[in-house]
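Below is one structure, written out as structure tokens; comments come after it.
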Amino acid sequence: VEVGALERELLGVKRALSEVEEVVGERERELSEVQRALSEAVELLEEREGGYRRMCEENRALHEMVKELRGNMLVFGRVRPRGVTGDGSECVVRARPEECALECRNKHGDWKRYRFDRVFGEDSTQEDVYFEAKSLVRSVMRGTDVTIFAYGQTGSGKTHTMQYLNRRALEDLFGYQREDEAESARRYRFRVQMLEIYNEQINDMLEPGNTNLKVQTMSFRTTNEDSMTRVPDARIVGVERIEDVVRILEQGTSNRHVGATKMNERSSRSHLVFTVMVERMEESGEVVRGRLHLIDLAGSERLARSGAEGARATETKAINLSLSTLGRVLGGIAANQRHVAFRDSKITQLLEDSLTGGKGKSKCMMFMHVAPEMPSGQETRSTLEFAKGVAEHVVVNK
Ligand code: ADP
Ligand code: MG
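Residues in the sequence shown are numbered from 1 upward in steps of one, following our numbering.
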């Protein structure tokens with residue numbers, strides 16, 4: 001009896017056990033399924049996270065690249081206030097500083113929009129303009145070669161901009177020097193040169209009579225590392241304070257007019273290149289060298305004009321050649337082209353080593369000046385198109 005009862009009980013337990021086993025098995029299967037799903041989810045998550053991280057890195061790299069590209073070639077637009085030259089006619093240009101755009105109306109009355117790195121409207125101040133150039137100017141102290149151009153037709157405000165930049169940049173450099181020399185063992189030396197390029201001929205503005213100077217080719221290397229200019233026969237003057245600079249700028253400007261029948265005409269048909277050579281002596285004895293070229297270009301209106309004769313024709317040809325070469329060279333550099341035709345004009349020969357110093361070593365800034373009045377419309381459009389050729393990021397849309 002007892003055995004029968006026990007057997008039955010055992011059978012019941014066995015059944016219960018197998019039921020439990022079944023449930024456990026089911027749970028285990030569920031669990032492993034959950035585990036598999038979980039690990040799949042983790043894998044997916046990791047992949048996504050990796051992708052996200054990669055994307056972030058890519059974005060950062062792209063951003064740096066854009067910054068680097070833009071930083072090497074900055075193109076700004078500046079509109080001269082209407083009427084200051086006596087022309088009271090209607091405006092065909094409007095600045096949209098908040099959108100970094102200049103708009104220009106064509107013959108059909110359509111507004112065409114050009115985007116720049118920055119735009120200065122009619123009410124912009126000289127200090128607004130300098131603010132944008134400041135970090136570039138200061139980078140010369142760390143060994144960067146900086147070139148700043150003023151481009152535009154005669155009367156568009158190039159000299160107005162550059163005269164301020166020349167003085168203000170030096171003032172800033174001297175201020176920076178004082179601070180740094182007070183805080184460190186570094187010492188600075190500043191020297192300047194002032195050249196005029198007229199009819200593809202280089203003349204020294206700091207030494208009257210010193211004309212038709214030669215530009216050393218890039219393959220020419222002096223044993224003297226001190227050489228910071230490609231025109232060694234031009235006078236180089238040391239400057240220690242802003243008064244020295246002001247005096248030299250005045251002297252250079254007045255020399256420029258010697259021999260020119262009409263001074264304004266000569267100045268609008270030649271390029272004026274004011275160069276500041278900066279040397280920084282580190283405590284270790286190492287010398288860091290940087291150059292700042294401040295360039296007031298010849299009036300661009302000659303580009304469009306033809307049919308001139310005699311002396312005018314020669315000037316026109318020289319300006320056409322140098323400005324179009326400059327445009328091609330800057331466009332080539334901005335587009336990372338391998339072969340850039342520096343040899344085709346004096347101004348590009350002069351600047352070759354400054355413009356090709358390599359990543360981070362050369363920076364270029366161009367101020368495109370436009371006169372807003374109706375009669376200048378054609379020249380304004382050609383200036384804006386030139387900007388587009390120099391920097392691909394100067395885009396146009398309707
Ligand atoms: P450019 O050198 O291109 O021929 P200028 O710099 O001589 O032109 O400018 C022509 C005239 O317009 C000058 O009388 C100048 O003082 C004036 N001018 C140019 N830009 C401005 C400006 N932003 N604000 C006030 N006057 C200006
Ligand atoms: Mg001028």
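No residue lacks a Cβ here, since even glycine has one placed at the ideal position from N, Cα and C.
Assign residue i to buried or exposed, taking buried as 16 or more other Cβ atoms, counted over all protein chains shown, within 10 Å of its Cβ.
| i | result |
| --- | --- |
| Y52 | exposed |
| R291 | buried |
| V146 | buried |
| S376 | buried |
| H108 | exposed |
| R27 | exposed |
| E47 | exposed |
| G175 | exposed |
| R381 | buried |
| K388 | buried |
| G252 | buried |
| H339 | exposed |
| G4 | exposed |
| V42 | exposed |
| A334 | buried |
CB of residue i to nearest heavy atom of the ligand ADP: below 7 Å?
| i | result |
| --- | --- |
| P232 | no |
| S156 | yes |
| G152 | yes |
| V84 | yes |
| G299 | yes |
| K271 | Note that residue 271 corresponds to His in the displayed sequence, not to Lys. Answer for H271: no, Cβ out of range of the ligand ADP. |
| R80 | yes |
| H369 | yes |
Considering only heavy atoms of the ligand MG, does any lie closer than 7 Å to the CB of residue i?
| i | result |
| --- | --- |
| S268 | yes |
| T159 | yes |
| D296 | yes |
Measure the CB-CB distance between residue i and residue j and report whether it falls below 8 Å.
| i | j | result |
| --- | --- | --- |
| V329 | T348 | yes |
| I295 | V273 | yes |
| Y114 | Y164 | no |
| L206 | R235 | yes |
| V239 | R191 | yes |
| V119 | A95 | yes |
| L102 | L350 | no |
| V79 | E122 | yes |
| C100 | V93 | no |
| A133 | M366 | no |
| S324 | N72 | no |
| K158 | A150 | yes |
| G331 | V390 | yes |
| E373 | D87 | yes |
| H271 | S322 | yes |
| E200 | E301 | no |
| L173 | V287 | no |
| V84 | R167 | no |
| K346 | I148 | no |
| G299 | R256 | no |
| G310 | F386 | no |
Along the chain, where does the beta strand (DSSP E) containing residue i start, and where does it finish?
| i | result |
| --- | --- |
| Y368 | Per the sequence shown, residue 368 should be read as Met rather than Tyr. First-last of the beta strand (DSSP E) with M368: 362–370. |
| I236 | First-last for I236: undefined, no H or E at that position. |
| L272 | 271–281 |
| A150 | 145–151 |
| A101 | 101–105 |
| D117 | Element bounds for D117: n/a, residue is neither H nor E. |
| V79 | 73–79 |
| F342 | Counting along the chain, F342 falls outside any beta strand (DSSP E), and DSSP gives it neither H nor E. |
| N203 | 201–204 |
| R186 | Segment: none, R186 is in no beta strand (DSSP E) and carries neither H nor E. |
| V93 | 93–96 |
Please name the residue, chosen from the options, that lies closest to residue i on a Cα-to-Cα basis.
| i | options | result |
| --- | --- | --- |
| S284 | G389, A5, E250, R187 | R187 |
| T144 | Q251, R289, T154, G299 | R289 |
| Q216 | L206, M205, T229 | T229 |
| Q153 | M368, M374, K388, S18 | M368 |
| R155 | R338, T314, S267 | The sequence shown places Gly at residue 155, rather than the Arg named in the question. The shortest C-alpha separation from G155 is found at S267. |
| D244 | V276, V231, R269, P232 | V276 |
| V231 | I197, E98, I333, E282 | I197 |
| S254 | D204, E379, V237, A391 | D204 |
| D180 | E200, I333, R142 | R142 |
| E98 | G77, V13, R82 | G77 |
| L195 | V278, V246, L297, E286 | L297 |
| T125 | S139, R138, V137, H160 | H160 |
| V137 | F386, G12, H293 | H293 |
Looking at the secondary structure, which residues open and close the alpha helix (DSSP H) in which residue i lies?
| i | result |
| --- | --- |
| K158 | 158–183 |
| K134 | 126–139 |
| N320 | 310–334 |
| L297 | It is not in any alpha helix (DSSP H) - L297 carries neither H nor E in the DSSP assignment. |
| D353 | 346–355 |
| A457 | A query on residue 457 cannot be resolved here, the shown segment of the chain reaching from 1 to 398 and no further. |
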